[in-house]
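*Asks:* Okay, handing you the structure first.
In UniProt numbering, the protein residues as written are 1 to 217.
Have a look at this one:
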């Protein structure tokens, strides 16, 4: 009888233990399910956030690529412009150098002609006089052109007289030309300095434009 009671008691204990185990197991399952749902929701939110960032980065990459292509196009265009500026400056410097050399050569020829003018015939003397006058006129015209170029490079309004040139074509007498030779020689030397100044200004102008182009790039 005693054994039977103990068996019944043990049976109740076992049943109660099984009930508690089932309850704890159910509670653990509920907790795990809740954690799983929470973790899944977090992962979904993280995935959505990452997908959004990926789309934003892709859009930014596309914009950066378009900007890079535009800059590359501008760079190629700028290189063409720089090449054209270099060519223009070289041509202008070369032309100025040629004009200077021709003017010096003409002045030297004029000086030699002056030395032998006393030995020439009247017709030859008249031709020399005409040559000296033309040289004088060319010097004045070249001086006007150089001054005009300097004014334009400085952004100043050109002198209308320089634009239309000199209309004075009267040939002075031989005596006047002889007295004016020294002043003409001084004028040519001054003109040479002006041409050197013009060359320097052109070089500075080109350097400024080149610097502006590189800065835009």
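Idealized CB from N, CA, C, for every residue including glycine.
No experiment lies behind these values; they were computed from the predicted model shown.
Straight-line CA distance for residue 21 to residue 12?
*Replies:* As a first step, residue 21 is located in the chain shown; it is residue number 21 there, counting from the start. As a first step, residue 12 is located in the chain shown; it is residue number 12 there, counting from the start. Cα-Cα distance, rounded: 14 Å.
*Asks:* Can you name, in chain order, every residue of its own chain whose Cβ lies under 7 Å from the Cβ of residue 195, other than the five neighbours on each side?
*Replies:* The sequence position of residue 195 within the chain shown is 195, counting from 1. Same-chain partners within the cutoff: 96, 100, 146.
*Asks:* Taking all protein chains shown into account, do 16 or more other C-beta atoms lie within 10 angstroms of the C-beta of residue 110, making it buried, or fewer, making it exposed?
*Replies:* Taking the chain shown and counting its residues from 1, one reaches residue 110 at position 110. That one is buried.
*Asks:* Between 3, 32, 103, 60, which lies nearest to residue 141 when the distance is taken from Cα to Cα?
*Replies:* Here the question's residue 141 lines up with position 141 in the chain shown. For the residues 3, 32, 103, 60, the minimum Cα distance to residue 141 belongs to 103.
*Asks:* Within 8 Å, do at least three Cβ pairs link the region 180-191 to the region 47-57?
*Replies:* No, the region 47-57 does not touch the region 180-191.
*Asks:* Spatial neighbours of residue 218 within its chain, please: C-beta separation below 8 Å, excluding the five flanking residues on both sides.
*Replies:* With the chain covering 1 to 217 only, the question about residue 218 has no answer from this structure.
*Asks:* If I'm right that residue 153 touches residue 82 with Cβ under 8 Å, what's the distance once you round it to whole angstroms?
*Replies:* Within the chain shown, residue 153 is the residue found at index 153, counting from 1. Within the chain shown, residue 82 is the residue found at index 82, counting from 1. Residue 153 to residue 82, Cβ: 19 Å. No contact.
*Asks:* Given that a residue counts as buried once 16 or more other Cβ atoms are within 10 Å of its Cβ, and exposed if not, what is residue 62?
*Replies:* For the purposes of this step, residue 62 is identified with residue 62 of the chain shown, where counting begins at 1. By the 10 Å Cβ count, residue 62 comes out exposed.
*Asks:* So is the beta-carbon of residue 188 under 8 Å away from any non-hydrogen atom of the ligand FMN?
*Replies:* Only the bare structure without any ligand can be found here, which leaves the ligand FMN out of the picture.
*Asks:* Roughly how many whole angstroms lie between the Cα atoms of residue 79 and residue 144?
*Replies:* Residue mapping note: residue 79 aligns to position 79 of the chain shown, counting from 1. Residue mapping note: residue 144 aligns to position 144 of the chain shown, counting from 1. Rounded to whole angstroms, residue 79 to residue 144 spans 34 Å at the Cα level.
*Asks:* Which term fits residue 15, buried or exposed, when burial requires 16 or more other beta carbons within 10 angstroms of its beta carbon?
*Replies:* Stepping through the chain shown from its first residue, residue 15 is reached at position 15. Under this definition residue 15 is an exposed residue.
*Asks:* So what's residue 154 in DSSP terms, helix, strand or just coil?
*Replies:* The count along the chain shown starts at 1 and reaches residue 154 at position 154. Note: residue 154 maps to coil in three-state DSSP.
*Asks:* Measure the Cβ-Cβ separation of residue 130 and residue 188 and say whether it is below 9 Å.
*Replies:* What you label residue 130 is simply residue 130 of the chain shown in a count that begins at 1. What you label residue 188 is simply residue 188 of the chain shown in a count that begins at 1. No, these two residues do not count as a Cβ contact at 9 Å.
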